[in-house]
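One structure below.
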Amino acid sequence: MTIDEQLAYLRKGTVEIIREEDLRAKLEKSARTGTPLRVKLGADPTAPDIHLGHTVVIRKLRAFQELGHTVIFLIGDFTGLIGDPSGKSATRPQLTREEIAANAETYKAQIFKLLDPDQTVIDFNSRWMDTLGSDGFVRLASHVTVKQILERDDFAKRLAENRPLALHEVLYPLVMAYDSVALEADVELGGTDQKFNILMGRNLQREYAQEAQVAVIMPLLEGTDGVQKMSKSLGNYIGINEPPSEMFGKVMSISDELMWRYYELCTDTSLEEIERMRAAAKSGASNPRDLKVELAKRIITDFHSATDARAAEEEFNRVFKRKETPDEIEERTVTAGRWKLPRLLVEVSLAPSMAEARRLIEQGGVRLDGEQRSQVNDEVEVTTDHAPLIQVGKRRFLRVRGQSLE
RNA sequence: GCAGGGGUGGUCGAGUGGUUAAUGGCACCGGGCUGUAAACCCGGCGGGCUAACGCCCUACGUAGGUUCAAAUCCUACCCCCUGCACCA
Numbered sequence: 012m013t014i015d016e017q018l019a020y021l022r023k024g025t026v027e028i029i030r031e032e033d034l035r036a037k038l039e040k041s042a043r044t045g046t047p048l049r050v051k052l053g054a055d056p057t058a059p060d061i062h063l064g065h066t067v068v069i070r071k072l073r074a075f076q077e078l079g080h081t082v083i084f085l086i087g088d089f090t091g092l093i094g095d096p097s098g099k100s101a102t103r104p105q106l107t108r109e110e111i112a113a114n115a116e117t118y119k120a121q122i123f124k125l126l127d128p129d130q131t132v133i134d135f136n137s138r139w140m141d142t143l144g145s146d147g148f149v150r151l152a153s154h155v156t157v158k159q160i161l162e163r164d165d166f167a168k169r170l171a172e173n174r175p176l177a178l179h180e181v182l183y184p185l186v187m188a189y190d191s192v193a194l195e196a197d198v199e200l201g202g203t204d205q206k207f208n209i210l211m212g213r214n215l216q217r218e219y220a221q222e223a224q225v226a227v228i229m230p231l232l233e234g235t236d237g238v239q240k241m242s243k244s245l246g247n248y249i250g251i252n253e254p255p256s257e258m259f260g261k262v263m264s265i266s267d268e269l270m271w272r273y274y275e276l277c278t279d280t281s282l283e284e285i286e287r288m289r290a291a292a293k294s295g296a297s298n299p300r301d302l303k304v305e306l307a308k309r310i311i312t313d314f315h316s317a318t319d320a321r322a323a324e325e326e327f328n329r330v331f332k333r334k335e336t337p338d339e340i341e342e343r344t345v346t347a348g349r350w351k352l353p354r355l356l357v358e359v360s361l362a363p364s365m366a367e368a369r370r371l372i373e374q375g376g377v378r379l380d381g382e383q384r385s386q387v388n389d390e391v392e393v394t395t396d397h398a399p400l401i402q403v404g405k406r407r408f409l410r411v412r413g414q415s416l417e
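In terms of this note's numbering, the numbers along the first sequence are unbroken and rise by one, the last being 417.
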């Protein structure tokens, strides 16, 4: 690949590259000297559950690896002390060495589904922050002015709106920036929410007489709700460790409009192909449903396998298209005998309360052995040899077997 | 400590003595439709009891009080937020 081709490849999907000329220069230098670029990505030490949103940036790391560069996956075990830079949550609890190590292992297991382990370095910023000392920290702080820090949108806004802004939060960008100095990073990746922090790294590196890193800013992926960014706490995420059938269902539940975004940011599909599919869907030549199935399969293939993807599709069709029962149904045991239907639903946790169970039944959401039961006072015979199949809604199935008391 | 603002159901946010289990949005759940767990439409959304009409309990920061009646008024307390504090 020529440098121009490499640039174009790396540019795909980015929101911004600051500055592209710098990246070009670094790529040229790397090619000339045969030294791979050091590409940094910071990670939160407390939340090692990776979801599709995180993979947007990880995919970009992989692009750098494909071009022969080194990825530094930095676990911010020190920065974690400072807490969520969005100011929503307080300081996080200090993790023990064991917990950090465990989280790092969890990270590895997940990121290596996308990244090449041989070209990846896992590091921790406590390695240099722990030995910095308070005097070192103060000296570090002398390189940045208050005004520079307050340029951050989020900070400025909170001050303007009289919302709290704790001092330690202001230090967050500083530590992150220093990580880039310590690592001598050539490139740092991050979502748009990290732009300020990454730029701070550029400034600080210059202060330390280093060449400034290039900022590669990726978009934030919307969650399954299509509105807010994907996050675990909002419950709109697709975790990469989720079982294939779960992933399939979640992908199928995104809106048709959002599907293009996922194609672009979560698969290797080229922009041209996406445009073609989009046009086909619009003209009616393709069924959006089929395109969404394809999307789901591509995503599942990345984190599981093509076989798993096919199985998940088959399962989905069976349950939702043909309205048959799933392949595997969990079985629960209850005391044998006659059960009032609502009581039974609560007993096996298909409903959280009697009131809720009644509602489900009255609304026609409950089936017993495939037959709708809308009578709240229905009774069900549960014996040791007959285990009725209970279905609540479209997707929750349970077989209930009786167990006689001794 | 002082001054001001605020604490309501999963969440946001109305309500300032009485059809208020508490408007509305979001989230969530069920149904319909379909090409999908899309979109759209309809319904539900504290809990217990009842076949059902319905009855009862719990809930608006905490604890008391006033009243026939309080999320709404009074008292005390707790918590959160913003500002003030020095140089005088």
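Beta carbons: idealized from backbone N, C-alpha and C, even for Gly.
- Task: Please name the residue or residues paired with Trp350 in a DSSP beta bridge.
- Result: Residue 350 sits at position 339 when you count from the first residue of the first sequence. Partner(s): Val391.
- Query: If you check the beta carbons only, do Glu373 and Val387 fall under 8 Å apart?
  - Reply: Here residue 373 corresponds to residue number 362 of the first sequence, with the count starting at 1. Here residue 387 corresponds to residue number 376 of the first sequence, with the count starting at 1. Yes. Within cutoff.
- Would you call the region 22-30 and the region 217-235 touching, i.e. three or more CB-CB distances under 8 Å? yes
- Message: With a threshold of 7 Å on Cβ separation, who are the neighbours of His154 within its own chain once the five nearest residues in sequence on each side are excluded?
- Response: Translated into positions along the first sequence, residue 154 becomes position 143. Answer for His154: Leu215 and Glu218, listed in chain order.
- Query: Quick one: Cα of Ser100 to Cα of Leu85, how far?
  - Reply: Counted from its first residue, the first sequence places residue 100 at position 89. Counted from its first residue, the first sequence places residue 85 at position 74. Only weak support is given to the placement of Ser100: the predicted model assigns it a pLDDT of 41, under 50, and the value that follows is read from those uncertain coordinates. Approximately 22 Å, taken between the alpha carbons.
- Short check: CB of Arg343 to CB of Leu409, under 8 Å? Here the question's residue 343 lines up with position 332 in the first sequence. Here the question's residue 409 lines up with position 398 in the first sequence. Against a cut-off of 8 Å, the Cβ pair of Leu409 and Arg343 comes out as a contact.
- Task: Please classify Lys240: does DSSP put it in a helix, a strand, or coil?
- Result: By one-based count along the first sequence, residue 240 stands at place 229. In the structure shown, Lys240 sits in a strand (DSSP, three-state: E or B).
- Item | Counted within 10 angstroms of its Cβ, other Cβ atoms place Gly234 as buried (16 or more) or exposed | Working through the first sequence from its first residue, we reach residue 234 at position 223. Gly234 should be labelled buried.
- Task: From the DSSP output, in three-state form, read off Glu218 for me.
- Result: As a working note, residue 218 is residue 207 in the first sequence. Of the three classes helix, strand and coil, the one that applies to Glu218 here is helix, per DSSP.
- Message: Given the structure, does Ile29 come close to the ligand FAD, in the sense that its CB is under 7 Å from one of the ligand's heavy atoms?
- Response: By its list of ligands, the structure shown contains no ligand whatsoever, and the ligand FAD lies outside what it can speak to.
- Item | Which listed residue (Lys40, His65, Phe75 and Ile69) has its alpha carbon closest to that of Ala19 | As a working note, residue 19 is residue 8 in the first sequence. The residue with the shortest Cα to Cα distance from Ala19 is Phe75.
- Query: What is the DSSP secondary structure of Glu27, counted as helix, strand or coil?
  - Reply: As a working mapping, residue 27 is identified with position 16 in the first sequence. In this structure, Glu27 counts as strand in the three-state DSSP scheme.
- Starting from the N-terminal side, write out each stretch of the beta strand (DSSP E) that is 3 residues or longer and does not extend beyond the region 308-336. none
- Message: Can you tell me where the beta strand (DSSP E) holding Met288 begins and where it ends?
- Response: The residue you call residue 288 lines up with position 277 of the first sequence. Careful: Met288 lies outside any beta strand (DSSP E), inside the alpha helix (DSSP H) at Leu282 to Ser294.
- Query: DSSP three-state call for Gln414: helix, strand or coil?
  - Reply: In the first sequence, the residue the question calls residue 414 occupies position 403. Strand at Gln414.
- Message: Between which two residues does the alpha helix (DSSP H) holding Phe148 run?
- Response: Taking the first residue of the first sequence as position 1, residue 148 is located at position 137. Run containing Phe148: Gly144 to Ala152, per the alpha helix (DSSP H) assignment.
- Which residues in the same chain as Asp164 place their Cβ atom closer than 8 Å to its Cβ, once the five residues preceding and following it in sequence are excluded? Position 153 of the first sequence, counted from the first residue, corresponds to residue 164. If we look at Asp164 and ignore the five residues flanking it on each side, its Cβ neighbours are Phe207.
- Assigned exposure category for Asn136 - 16 Cβ within 10 Å defines buried: As a position in the first sequence, residue 136 is number 125, starting the count at 1. Per the 10 Å Cβ criterion, buried.
- Item | Where the beta strand (DSSP E) containing Ile86 begins and where it ends | In the first sequence, residue 86 corresponds to position 75, counting from 1. Its beta strand (DSSP E) spans residues Thr81 to Ile86.
- When Pro363, Thr336 and Arg384 are compared against Arg407, the one with the closest alpha-carbon: Position 396 of the first sequence, counted from the start, is the residue given in the question as residue 407. The option with the nearest alpha carbon to Arg407 is Thr336.
- Message: Out of Thr81, Gly237, Leu210 and Glu31, which one is the CA nearest neighbour of Gly64?
- Response: Here residue 64 refers to the residue found at position 53 when the first sequence is read from its first residue. Looking at the Cα atoms, Gly237 is the closest of the given residues.
- Task: For Asp88, collect the residues of the same chain with a Cβ closer than 8 Å to its Cβ; drop the 5 residues on either side in sequence, then sort them by chain order.
- Result: Residue 88 sits at position 77 when you count from the first residue of the first sequence. Answer for Asp88: Pro56, Leu106, Ile111, Phe135, Asn136 and Ser137, listed in chain order.
- Message: On the criterion of 16 or more Cβ atoms from any shown chain inside 10 Å, does Leu355 qualify as buried, or is it exposed?
- Response: In the first sequence, counting from the first residue as 1, residue 355 sits at position 344. Leu355 should be labelled buried.
- Task: Could you name the residues of the same chain whose beta carbon sits closer than 8 Å to that of Glu275, not counting the 5 residues immediately before and after it, in chain order?
- Result: Taking the first sequence and counting its residues from 1, one reaches residue 275 at position 264. Same-chain partners within the cutoff: Gly24, Leu282 and Ile285.
- Query: Quick one: is Lys71 buried, meaning 16 or more other Cβ sit within 10 Å of its Cβ, or exposed?
  - Reply: Mapped onto the first sequence, residue 71 falls at position 60. Buried: at least 16 other Cβ atoms inside 10 Å.
- Message: What does the alpha-carbon distance come out to for the pair Leu361 and Val403?
- Response: Position 350 of the first sequence, counted from the first residue, corresponds to residue 361. Position 392 of the first sequence, counted from the first residue, corresponds to residue 403. The straight-line gap from Cα to Cα measures roughly 7 Å.
- Query: Under 8 Å, do Ala347 and Gly413 count as touching if we go by C-beta distance?
  - Reply: Indexing the first sequence from 1 puts residue 347 at position 336. Indexing the first sequence from 1 puts residue 413 at position 402. Going by C-beta atoms, Ala347 is nearer than 8 Å to Gly413.
- Do you know offhand how far Gln239's Cα is from Tyr248's? As a first step, residue 239 must be located in the first sequence, where it is residue number 228. As a first step, residue 248 must be located in the first sequence, where it is residue number 237. Going by the C-alpha atoms only, they are around 10 Å apart.
- the region 315-322 touching the region 261-275, judged by at least three CB pairs closer than 8 Å: no
- Give me the Cα-Cα distance between Ala42 and Asp197, rounded to the nearest whole angstrom. Taking the first residue of the first sequence as 1, we reach residue 42 at position 31. Taking the first residue of the first sequence as 1, we reach residue 197 at position 186. Approximately 14 Å between the Cα atoms of the pair.
- Message: Pairs of beta-carbons, one from the region 289-297 and one from the region 323-332, closer than 8 Å: are there three or more?
- Response: no
- What residue range is occupied by the uninterrupted alpha helix (DSSP H) comprising Ala223? Counting from 1 along the first sequence, the entry for residue 223 is found at position 212. Where Ala223 is concerned, there is no enclosing alpha helix (DSSP H), given that its DSSP letter is neither H nor E.
- When you compare only the Cα positions, how much space is there between Pro353 and Phe331? In the first sequence, the residue the question calls residue 353 occupies position 342. In the first sequence, the residue the question calls residue 331 occupies position 320. Approximately 25 Å, taken between the alpha carbons.
- Query: Just how far apart, CA to CA, sit His179 and Thr90?
  - Reply: For this step, residue 179 is matched to residue 168 along the first sequence. For this step, residue 90 is matched to residue 79 along the first sequence. Between His179 and Thr90, the C-alpha separation is close to 10 Å.
- Task: Return the chain-ordered list of same chain residues with a C-beta closer than 7 Å to the C-beta of Leu269, the five sequence neighbours on each side being excluded.
- Result: By 1-based counting over the first sequence, the position of residue 269 is 258. For Leu269, where only same-chain residues beyond five positions count, the Cβ hits under 7 Å are Glu233 and Gly237.
- Message: Quick check: what's the CA-CA separation for Gln454 versus Asp60?
- Response: Outside the displayed range of the chain (12 to 417) lies residue 454, so it cannot be described from this structure.
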